[in-house]
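Under the working numbering, read the sequence shown as residues 5 to 702, first letter to last.
Glycine is no exception: its CB is placed at the ideal position from the N, C-alpha and C atoms.
Down below is the structure, laid out as structure tokens.
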Amino acid sequence: MVRNAGSLRPCAGVAGPQSRAGRRSGRRAIVRGPTRLGTLTVSGGTAVVDLGTEPPMMIGEETEEEAPIRRTVSLRWLAGTILTGLTSIFLMGGALMAALDNPNQFAETPEAVSDGRSEAQTAGIEFGKKGDRIRPLEQQVSSRQILQVSTVTKQGERDFIKLRPFAKITASLATHKSEIASGIPPYDALRIFADTSAPEAPAANPGEIPADDQIYGAEVDGEVSVKVSDFPVAGADIATSVTVAADEAEAAVRASASFATDGPQLAAALPFVDPTRFDEDSGGDQNPFSAFGVRIIPENVSNVAKSDAGEPGTPEADERIIAVAKGRSFRSLLQDNDVSSDDADEIVAALSELIDLNRMHVGQKIRLAFAAGDLEDTQAVPIRVSVYDDGAHQATVARADDNSFVRADEPTASPEAFAEVESASDAGALPKIYDALYQTALEQQVPMPLIEQLIRIFAFDVDFQARVTPGDSIEIFHSLPDSDPDASEPEVLFAALTLNGVAKRFYRFRTSDDGIVDYYDEEGKSAKKFLMRKPMTAGMLRSGFGMRRHPILGYRRMHTGVDYAAPRGTPILAAGNGVVEKAAASSGYGNLTLIKHTNGYETAYAHQSAFAKGIVPGARVRQGQIIGYVGSTGLSTGPHLHFEIRVNNSPLDPLRIRLPRGRVLEAGFLTAFEAERARIDTLLGNQDAPTKVAAASN
């Protein structure tokens, strides 16, 4: 037994060095024996390990003379490895070729598509640039129909009923200028508002039908002449001595009542008969005591018309919208807008109990209301303060009877107070309403005189210098020129203009008492307003109604009107019909013109450079007439018009006052107008619905 630290050596029956020597010499040493033991040195000691009785493992077969060499290469293994690698290369390469360079993927080699239009074809095209706004597109609608309508014309004692052509037009307002726009005359407020035509002479007899074509309710073939004359009740063929008892007459009427239907022929041939007169079962609204000559009169009953809140009866509060600025405290914003220090402290203390004023950010708005005083030098007194965040109400405080500020409800919503005015640069290339309406009418073959008539119809409700929006439309129903020399001139019978989804509809109607033709809305109110809010052809609003610091005097005082800046010499128009009360120099007003209107209304025009010819006290003026020219007389820093509207000697804001319209139809005129309106609506097919917008969104 041999000891060798850390190694295992064979013991009895174990091949030792002799075996290695024999293997080197080419002889195989086979060790066999019942037991094989070995010793293992562990931590300085020895241990006996039993190696078992199984024969040792042999490499190769016993007949081989030499053992295999360890570094010998197997040809089968090498061939298999090479074949596996080549197969993988071919498979991966084929997949990559199919994905990147497949000759069957495209019919031809793709190329960049180029615009084939020449420079001459694209010369008039406007391409977008940085900063342009993308506008929502609306489907442009254009429809023009020719209708044959039965009309009745009175000539002498006869009524002539015949067919006459009318045009029904429904079109979207033009949003792009075309070649036809070159024929549009420039906007001229003098031409629009000045009514130079003399009023038509009134009818000779009250209720006489004018010699205009009126729409007839029934269809006719050809031309029909009708003459109405009195029935000859005094003729010889009628026996006036024969009388019929009341019972017999009533029995005859009852027998024929079932045949008195609503058919067009029977209705035209029979006079009107009250169907409830002979209805025994109908109680109706008849007075049960009427048979005894007794009338029931309710006592202590008054009918009072309800009025909307905020109607101009007393001077309204002056409101301001203040935007929260960065780095400014709430108290400083109040003081910058004429709020005294004591009131500012009261307001801040009251609002601090409702919201956290320290967390107010840029973008919030403060709605500040002042009490309007009767004198120009009255100090502004805040009466209400509201805080808004992105249009949502946050808190409101108002002045109490003891001059302290307490919590209050949200004030009435004022959409125009928070409305964002779209500038001309944001409006892009959209035309003005005046140009769009004119161009659309010309494209629809509307005669020029009728287009001028359309402009006058909507002049009191539409700002023609504003720009159109996609979806605005117009609807026109007008007569066409007739070859008959006795036919009347073409007229606009109906016009509807839809702007921003709001439709304004007007119908033509002639009042028989004065013979004047005018246009009225669905309720019978004239399209003409009582007063104009801007009595000049041009000008820009520079100063509004309310408390302000006077630019010359330097202290705060009430500004009882509005200022329109305009070039010197710009014509000034009369806001309405009236009588000149004063036309002379007046202290700080400079050259002042006062016009007295009906119902306690009065208008003032100050700082004029000169008065128009004929403008003297007592002279009558009409709406739109030139009364003076813009100047800078009196306390003025530059040429402008100071315009005031006074009601019972109390100044009101010209831009916010609810102005009355012109004539309002009543009684019999309203009934006749409603019948004419119903006939027109029946022809247009909109008797049950309002005017539909002609442009629909995609």
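Item: What number of angstroms, rounded off, separates the C-alpha of Lys508 from the C-alpha of Thr574?; Value: 31 angstroms
Item: In whole angstroms, what separates the C-alpha of Glu323 from that of Arg371?; Value: 7 angstroms
Item: Among Phe462, Glu526, Val472, Ile556, which one has its Cα closest to the Cα of Lys533?; Value: Phe462
Item: Which full runs of the alpha helix (DSSP H) of 4+ residues lie inside the stretch 614 to 688, going along the chain?; Value: 671 to 688
Item: Give me the Cα-Cα distance between Leu687 and Val156, rounded to the nearest whole angstrom.; Value: 16 angstroms
Item: Relative to the C-alpha of Val521, which candidate in Val496, Ile325, Ala500 has its C-alpha closest?; Value: Val496
Item: Tell me, which residues are paired with Met562 by DSSP?; Value: Met551
Item: On the DSSP letters alone, give me the boundaries of the beta strand (DSSP E) that Val714 sits inside.; Value: The shown model of the chain, from 5 to 702, leaves out residue 714, and the question about it has no answer.
Item: Is the separation between the beta-carbon of Leu454 and that of Asp476 shorter than 9 angstroms?; Value: no
Item: Can you tell me the Cα-Cα spacing of Ile556 and Leu669, whole angstroms?; Value: 49 angstroms
Item: For Pro571, I'd like the list of residues in its chain whose CB is within less than 8 angstroms of its CB, leaving aside the five on either flank, ordered along the chain.; Value: Ala542, Val634, Pro643
Item: Is the CB-CB distance between Lys586 and Thr602 below 9 angstroms?; Value: no
Item: Would the beta-carbon of Leu484 fall within 9 angstroms of that of Arg148?; Value: no
Item: Just to confirm my understanding: we take Gly689, look at its own chain, exclude 5 residues before and 5 after, and list those with CB closer than 7 angstroms. What are they?; Value: none
Item: Under the three-state reduction of DSSP, which class applies to Leu79: helix, strand or coil?; Value: helix
Item: With 16 as the cutoff for other CB atoms within 10 Å, does Gly672 come out buried or exposed?; Value: exposed
Item: Measure the beta-carbon distance from Ile649 to Ile631 and round it to whole angstroms, keeping in mind my assumption that it falls under 8 angstroms.; Value: Actually they are not in contact, since the Cβ atoms of Ile649 and Ile631 sit about 15 angstroms apart, beyond 8 angstroms.
Item: When the Cα atoms are used, what is the spatial distance from Ile93 to Thr57?; Value: 52 angstroms
Item: Indicate whether the contact test is met: 3 or more Cβ pairs, each with one atom in the stretch 352 to 360 and one in the stretch 389 to 406, closer than 8 angstroms.; Value: yes
Item: Lys172: beta carbon under 8 angstroms from a heavy atom of the ligand MG?; Value: As for the ligand MG, it is missing from this structure, which has no ligand bound.
Item: Buried or exposed: Tyr559, going by 16 or more other Cβ atoms within 10 Å of its Cβ?; Value: exposed
Item: Which term fits Thr400, buried or exposed, when burial requires 16 or more other beta carbons within 10 angstroms of its beta carbon?; Value: buried
Item: Would you identify the three-state DSSP class for Pro435, choosing helix, strand or coil?; Value: coil
Item: Determine, using beta carbons only, whether Val472 and Leu177 come nearer to each other than 9 angstroms.; Value: yes
Item: Taking the CB atoms as reference points, tell me whether Thr641 and Gln612 lie closer together than 9 angstroms.; Value: no
Item: Is Val228 helix, strand or coil by DSSP?; Value: strand
Item: Can you list, in chain order, the residues of its chain with a C-beta nearer than 7 angstroms to that of Ala327? Leave out the 5 residues immediately preceding and following it.; Value: Lys369
Item: For Asp567, which residues in the same chain have their Cβ closer than 6 angstroms to its Cβ, ignoring the five residues on either side in sequence?; Value: Arg546, Ser547, His644, His646
Item: Please confirm whether Ile437 and Lys172 have their CB atoms less than 9 angstroms apart.; Value: no
Item: Do you know how far the Cα of Met364 is from the Cα of Val583?; Value: 53 angstroms
Item: Taking the C-alpha atoms as reference points, what is the distance between Gly98 and Ser78?; Value: 31 angstroms
Item: Mark Met96 as exposed unless 16 or more other C-beta atoms lie within 10 angstroms of its C-beta, in which case mark it buried.; Value: exposed
Item: Taking the beta carbon of Glu505 as the centre, do at least 16 other beta carbons fall within 10 Å, making it buried, or is it exposed?; Value: The residue asked about is misnamed: residue 505 is Gly in this sequence, not Glu. Exposed is the call here.
Item: With distance defined between alpha-carbon atoms, name the residue in Gly331, Ala249, Ser182, Phe498 nearest to Ile478.; Value: Phe498
Item: If I measure Cβ to Cβ from Ala272 and keep anything under 7 angstroms in the same chain, skipping five residues before and after, which residues do I get?; Value: Interpretation of Ala272 is limited by its pLDDT of 40, a score under 50 that renders its predicted location unreliable; no figure is taken from the coordinates.
Item: Can Asn595 and Ala614 be called in contact, C-beta distance under 9 angstroms?; Value: yes
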